[in-house]
Amino acid sequence: MSGVNITLLCEDSQTDAFVRRFLRRRNFRGRDIRTLPLPAGNQSGEQWVRERYPTELKALRTRQRAYLLVVTDADVLSTETRRAQLEAACDEKQIPPRDDDDPVLVIVPRRNIETWLTYLGGTEVDEDTTYPRLRRERDCAAPAAELYRMCQEAQRLDEGAPPSLREACDEYGKLQR
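Using our numbering, read the sequence shown as starting at 152 and increasing by one per residue.
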């Protein structure tokens with residue numbers, strides 16, 4: 152992936168670990184991926200992503216061979232509502248929202264990333280239930296490998312996949328090697 156850089160804007164370290172492992176399967180090297188420092192203190196991860204997104208989108212538009220990969224949980228909202236909130240944050244800062252020409256992927260797990268990790272671990276899920284976090288970040292390796300198998304190798308998700316995961320596979324298709 153020489154010469155391609157990805158800026159990863161996400162809510163927490165578990166999401167970062169999962170996405171990085173998936174991207175490595177896609178042959179991106181660790182040095183190709185820069186994770187923005189995760190929020191500290193009392194600020195919610197969702198709020199931090201929403202507030203930082205317009206600035207990162209604007210900065211991305213000045214770079215070549217670069218992607219911005221945004222991962223923010225829908226929580227109890229729809230994926231469409233969460234994406235609309237990101238667009239509204241751009242409007243507030245007078246930055247044009249993402250368009251089809253922007254190398255930006257917006258991934259919105261619903262309810263949260265743990266829903267996907269549980270599904271990819273072989274358990275049937277729904278997007279309204281809260282699932283537990285993995286104990287260790289390295290436990291994201293097997294779910295990332297399974298997502299790669301489904302999205303990249305088989306080029307389809309298995310039956311019963313959460314709708315937000317289907318949306319994510321479509322978004323991941325935008326990444327060019």
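Here a beta-carbon is modelled for each residue, glycine too, at the ideal position from N, C-alpha and C.
Taking Cys302 as the centre and dropping the five residues before and after it, the same chain places the C-beta of Cys320 and Tyr323 closer than 6 angstroms to its C-beta, in chain order.
Annotation for Leu187: Leu160 place their beta carbon closer than 6 angstroms to its own, counting only its chain and skipping 5 residues before and after. Distance between Arg284 and Val221, taken at the CA atoms: about 20 angstroms.
For Ala191, there is no enclosing alpha helix (DSSP H), since its DSSP letter is neither H nor E. For Tyr299, the uninterrupted alpha helix (DSSP H) run begins and ends at Ala292 to Tyr299, by DSSP. DSSP, reduced to helix, strand and coil, places Thr206 within a helical segment of the structure shown.
Ala168 is positioned such that its CB atom lies closer than 7 angstroms to that of Glu288.
When DSSP states are grouped into helix, strand and coil, Ile264 belongs to the helix group.
Distance check between Thr281 and each of Val227, Leu308 and Glu197 places Val227 closest, using alpha-carbon atoms only. In the three-state reduction of the DSSP assignment, Leu256 falls in the strand class, which pools E and B. Boundaries of the alpha helix (DSSP H) around Val170: Ser164 to Arg176. DSSP, read as helix, strand or coil, puts Leu271 in helix.
For Arg317, the CB contacts under 6 angstroms within the same chain, skipping 5 residues up- and downstream, are Leu308 in chain order. For a cut-off of 8 angstroms, the C-beta gap from Ser315 to Thr230 is around 5 angstroms, short enough to register as a contact.
If the five residues before and after Cys241 are omitted, its C-beta is found closer than 8 angstroms to the C-beta atoms of Tyr204, Pro205, Leu208, Pro247, Pro248 and Arg249, all from its own chain and listed in chain order. Gln198 and Ala305 have their alpha carbons spaced roughly 35 angstroms apart. Ala240: member of the alpha helix (DSSP H) spanning Thr230 to Glu243, first to last residue. Contact annotation, Ala225 with Arg201: C-beta distance approximately 12 angstroms; criterion of less than 8 angstroms not satisfied.
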